[in-house]
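Heads up, this note's numbering is the position in the sequence shown plus 2, with the first residue counted as 1. Quick notes on the structure that follows.
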Amino acid sequence: MSVIHTCDQARPEVINAKIRTFLSAREGRLLTRDESLEYQRLTVQWLAAKRSCGQGSPRRVEEPLPG
């Protein structure tokens, strides 16, 4: 059974704000291994939200990633 993601579950702008807060808290230093994994997890969530909440088109290559 597949999971259907809707915009109500996670809005891209909310996840983007979480990513920005997460990175800002690190004050420009390199991420630890665990922090890098968390950043990757948040980025995957953001991409999924963009796909489900966007204009119905997949992410274009020229769109910047958050952060």
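Built from N, CA and C at the ideal position, the CB exists for glycine as well.
- DSSP places arginine 43 in the uninterrupted alpha helix (DSSP H) bounded by 35-55.
- Distance between phenylalanine 24 and arginine 53, taken at the CA atoms: about 22 Å.
- Counting the other Cβ atoms within 10 Å of the Cβ of alanine 51 gives 16 or more, which makes it buried.
- Residue burial is scored here from C-beta neighbours: leucine 32 has fewer than 16 other C-beta atoms within 10 angstroms and is therefore classed as exposed.
- No residue range can be given for glutamate 29, since it is assigned to no alpha helix (DSSP H) and is classified by DSSP as neither H nor E.
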